[in-house]
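**Student:** Throughout, this note's numbering is defined as the position within the sequence shown, counted from one, plus 2.
Glycine is no exception: its CB is placed at the ideal position from the N, C-alpha and C atoms.
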Amino acid sequence: MSYFRSRRSGVTRYFAKRATLRRSVSLLKDFGHEQTAPDIFYGALARDSVELIGDLYRGLTGDELRDRVVVDVGGGPGYFAQVFLDSGARYLPVEPDPSEMHAAGLQVHGSVRGSGMALPFRNDSVDICFSSNVAEHVREPWTMAEEMLRVTKPGGLMVLSYTLWLSPFGGHETRPWHYVGGRYAAERYRRKHGRDPKNLFGESLFDIGAADGLRWARSTSNGDLLAAFPRYHPRWAWWLIDIPFVRELLASNLVVVLRAS
Numbered sequence: 003m004s005y006f007r008s009r010r011s012g013v014t015r016y017f018a019k020r021a022t023l024r025r026s027v028s029l030l031k032d033f034g035h036e037q038t039a040p041d042i043f044y045g046a047l048a049r050d051s052v053e054l055i056g057d058l059y060r061g062l063t064g065d066e067l068r069d070r071v072v073v074d075v076g077g078g079p080g081y082f083a084q085v086f087l088d089s090g091a092r093y094l095p096v097e098p099d100p101s102e103m104h105a106a107g108l109q110v111h112g113s114v115r116g117s118g119m120a121l122p123f124r125n126d127s128v129d130i131c132f133s134s135n136v137a138e139h140v141r142e143p144w145t146m147a148e149e150m151l152r153v154t155k156p157g158g159l160m161v162l163s164y165t166l167w168l169s170p171f172g173g174h175e176t177r178p179w180h181y182v183g184g185r186y187a188a189e190r191y192r193r194k195h196g197r198d199p200k201n202l203f204g205e206s207l208f209d210i211g212a213a214d215g216l217r218w219a220r221s222t223s224n225g226d227l228l229a230a231f232p233r234y235h236p237r238w239a240w241w242l243i244d245i246p247f248v249r250e251l252l253a254s255n256l257v258v259v260l261r262a263s
């Protein structure tokens with residue numbers, strides 16, 4: 003899957019119009035509040051996510067999100083719920099950690115406690131299955147990805163978006179020391195702050211790259227790869243995904259879009 007095919011692909015034609023430099027700059031500013039004001043950070047990410055999923059689903063099927071069943075794998079405390087409900091979708095977040103589910107004090111109807119490794123849904127039961135910034139926190143991300151395809155109806159949309167380890171944001175709160183090594187970065191954070199980072203390398207944060215996701219997406223027999231692009235970049239920078247190693251450093255976050263088969 004090359005940038006040029008992604009650019010021509012019908013599935014991305016609506017989102018590509020939205021992927022402007024102005025959007026990228028706005029998101030970067032909002033993302034700066036991740037630690038100090040998570041409502042701002044997650045609010046911006048939620049709005050961008052529903053636009054991303056809505057545009058891709060419209061590009062794939064010609065339909066809107068209204069009345070579509072959307073499963074969010076790793077839905078956390080429910081920051082995404084209201085924006086998806088406002089779109090008319092039937093939104094079902096899945097989260098394995100009960101403390102994470104209640105971290106923001108939000109009440110989300112339909113929340114499901116479950117693991118991405120074994121999603122508690124029947125085969126071919128949902129219209130859209132997506133995951134935003136979760137795969138880098140999972141020891142076996144491609145098992146999760148296959149589960150996402152399993153529960154998606156044939157012809158339905160599966161979207162996996164995750165942070166690349168070698169990008170500036172790969173180490174999360176331990177960046178930029180993750181470039182020296184994940185365990186070193188965690189230990190340095192521990193010495194400086196007197197506590198473990200929220201995302202501990204080897205336990206809840208893993209070294210996952212763009213090449214890994216592209217390899218899986220091209221090889222799975224349960225879906226067809228429709229597009230791959232850097233999520234937060236303007237559309238004129240999507241070509242980065244075509245260049246090995248450069249994409250690991252500069253793409254920041256990879257989106258792979260598949261049609262379930």
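Quick check on DSSP: helix, strand or coil for K155?
**Tutor:** strand
**Student:** Can you name the start and end residues of the alpha helix (DSSP H) that F33 belongs to?
**Tutor:** 23-33
**Student:** By DSSP's criteria, A230 is part of a beta bridge. Which residues make up the other side?
**Tutor:** V258
**Student:** Fully enclosed by the stretch 40-72, which alpha helix (DSSP H) runs are 4 residues long or longer?
**Tutor:** 40-63
**Student:** Decide yes or no for the touch test of the stretch 231-238 against the stretch 196-207: beta carbon pairs closer than 8 angstroms, at least 3 of them.
**Tutor:** The stretch 231-238 makes no contact with the stretch 196-207: fewer than 3 CB pairs, one atom from each, lie closer than 8 angstroms.
**Student:** So, with DSSP's three-state summary, where would you put D126?
**Tutor:** Correct three-state label for D126: coil.
**Student:** Quick check on DSSP: helix, strand or coil for R177?
**Tutor:** Coil, per DSSP.
**Student:** Determine the burial state of V258: buried for a count of at least 16 other Cβ atoms within 10 Å of its Cβ, exposed for fewer.
**Tutor:** Under the 10 Å beta carbon count, V258 is surrounded by 16 or more other beta carbons and is classified as buried.
**Student:** Candidates E149, S134, A147, V153: which alpha carbon is nearest D126's?
**Tutor:** Nearest in C-alpha terms to D126, of all of E149, S134, A147, V153, is V153.
**Student:** Assuming N255 and Y234 form a contact by the criterion Cβ under 8 angstroms, report the distance between their Cβ atoms to the nearest whole angstrom.
**Tutor:** 6 angstroms
**Student:** Would you check if the distance between the CB atom of L1 and the CB atom of N224 is smaller than 9 angstroms?
**Tutor:** Lying outside 3 to 263, the shown extent of the chain, residue 1 is not represented and no answer is given.
**Student:** Let me confirm a value: A83 is counted as buried when at least 16 other C-beta atoms fall within 10 Å, else exposed. Which label applies?
**Tutor:** Buried: at least 16 other Cβ atoms inside 10 Å.
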